[in-house]
Amino acid sequence: MRIVFMGTPDFSVPCLERLISDGEEVVGVFTQPDKPKGRGNVVSFPPVKECALRHGIPVFQPKSMRDGEALKILEELKPDLSIVVAYGKILPKDILYFPTYNSINIHASLLPAYRGAAPIQWCVLNGEKQTGVTSMYMDEGLDTGDMLLKQSVEITENMTAGELHDILSQVGAEVMSKTVSALKNGELKPVKQDGSESNYSPMLTKELCPIDFTKSAQEVHNQIRGLSPWPVATALIGDKRIKIHSSVLSSKTGKKAGEVVDSDGVISVCCGDGKCIDILSLQLEGKKKMSSKDFLLGHKIEKGSFLERG
């Protein structure tokens, strides 16, 4: 089966690697254009491009999927199937349905829940206990196509979005491999989605970062987990803004939201329900990330002081 792969970030790489290790004929890879990165604005390749080049697979980086260039490439490649994993571009109808078996997407949620750009992060932000990966036939809607295979993953109490991302990227490769095998064997049984059970997971913005300590300890903890490693939850201590990378629910209690109830080796902060979180790692703007213990060696935070939204 001649397969075209479309993907861009780290999340997509295990799927491409799995196709190659499964012996599938990957005839071309579509990925986003190269972009400047870092302070020096050095042009860097998308992770999927780096992977494809290592394996000698032709790479295509059209700026648009609607100007006819991408369609001409597909006409030359003659794919039986397109597999799309976090490509980052909306595919028009002529691209979606060009391959013999159309296009299959690997999506990082248990559809129909969490359609959209950031399903991993919003599952954590919303305190979900379970998520997973769904393969589906693509249609012209946003993650609305018929579902094919699913695999669930538990979200543990302190798991960050970054940790969940890495787990789901590997699960995605497994789901994709099983989906391609089932397709070749004529075993797929598409299931329509119930749109009434769906919700939308929009792209993350830095507007989500400031912590409102009047919320419950669980909500604050979920915010910290869900925004790690990017864009990272923030708070003000005096006139200094800190990024809070990780936390745990604390056994300590307090009375005032935002109050530091302990700063002896760990920073414990009271939330709106009287329960506390222990901050495990944090970062001053412009400085390196460090543990609370190391931070407190160089920055005194008085018990009874307050962390505020910021």
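Residue numbers (the numbering used here): 806 to 1115. Idealized CB from N, CA, C, for every residue including glycine.
State whether the stretch 1047-1059 contacts the stretch 1070-1078, with contact taken as three or more CB pairs (one from each stretch) at a distance under 8 Å. yes
Let me know the secondary structure DSSP gives ILE1049 once reduced to three states. strand
Among THR1010, LYS854, LEU1013, nearest to PHE835 - alpha-carbon criterion: LYS854
Taking the C-alpha atoms as reference points, what is the distance between GLN866 and ILE878? Their backbone Cα atoms lie some 11 Å apart in a straight line.
Note down the Cα distance separating GLY1043 from GLN1088, rounded to an integer number of angstroms. 15 Å
Could you check whether the Cβ of PRO1015 sits closer than 8 Å to any heavy atom belonging to the ligand GDP? The ligand GDP is absent from the structure shown, which contains no ligands of any kind.
Please list, in chain order, all residues of the same chain as ARG1046 whose beta carbon is under 7 Å from its beta carbon, the five residues on each side excluded. THR1039, GLU1090, GLY1115
Since ALA1022 and ILE1082 are thought to touch, with beta carbons under 8 Å apart, how far apart are those beta carbons, to the nearest angstrom? 5 Å
Would you call the stretch 1003-1018 and the stretch 910-923 touching, i.e. three or more CB-CB distances under 8 Å? yes
For ASP1095 and PRO1015, I'd like the C-alpha separation in whole angstroms. The displayed chain sequence assigns Met, not Asp, to residue 1095. The alpha-carbon atoms of MET1095 and PRO1015 are separated by roughly 19 Å.
Under the DSSP definition of a beta bridge, which residues are partnered with PRO841? VAL848
C-beta contact flag for GLY950 and MET941 at 9 Å: yes
Work out the CA separation of LYS1011 and PHE903 for me, nearest whole Å. Using only the alpha carbons, I get a separation of about 38 Å.
Quick one: give me the first and last residue of the alpha helix (DSSP H) that SER986 is part of. 966-989
What did DSSP end up calling HIS860 once you bin it into helix, strand or coil? Residue state for HIS860 is assigned as coil, using DSSP reduced to three classes.
Whole angstroms is fine: what's the gap from ASP948's alpha carbon to SER1001's? 14 Å
Is ARG1030 helix, strand or coil when you go by DSSP? helix
Is CYS856 closer than 9 Å to GLU822 when the C-beta atoms are compared? yes
For GLY812, name the three-state secondary structure that DSSP assigns. Here GLY812 sits in strand by DSSP.
Would you tell me roughly how many angstroms separate the C-alpha atoms of LYS1080 and VAL1066, rounded to the nearest one? 10 Å
Could you spell out where the beta strand (DSSP E) holding VAL929 opens and where it closes? VAL929: not part of any beta strand (DSSP E); member of the alpha helix (DSSP H) spanning 924-930, first to last residue.
Considering only the beta carbon of each residue, do LYS955 and LEU915 sit closer than 9 Å? The answer is yes: Cβ separation under 9 Å.
Reference VAL938, options LEU973, SER908, ALA966, VAL832, closest by Cα: LEU973
Kindly indicate which three-state DSSP category PHE1100 falls into: helix, strand or coil? Judged by DSSP in its simplified three-state form, PHE1100 adopts helix.
Here's the rule I'm using: 16 or more other beta-carbon atoms within 10 Å means buried, otherwise exposed. How should SER1051 be labelled? buried
For PRO1015, which residues does DSSP report across the bridge? THR1039
What does the alpha-carbon distance come out to for the pair LYS1048 and ASN1027? 15 Å
Who are the Cβ neighbours of LEU993 in its own chain at under 6 Å, not counting the five residues just before and after it? LEU953, ALA987
Name the residue from GLU968, LYS842, PRO863, MET981 whose alpha carbon lies nearest to the alpha carbon of ILE909. For the options GLU968, LYS842, PRO863, MET981, the alpha carbon positioned closest to that of ILE909 is the one of MET981.
Suppose you measure from the CA of ASP827 to the CA of LEU876; what does that come to, to the nearest Å? Answer to the nearest angstrom: the Cα atoms are 27 Å apart.
Would you give the residue range spanned by the alpha helix (DSSP H) that ILE825 belongs to? Following the DSSP letters along the chain, one finds ILE825 inside the alpha helix (DSSP H) bounded by residues 818-826.
Quick one: grab the DSSP three-state call for ASP1067. strand
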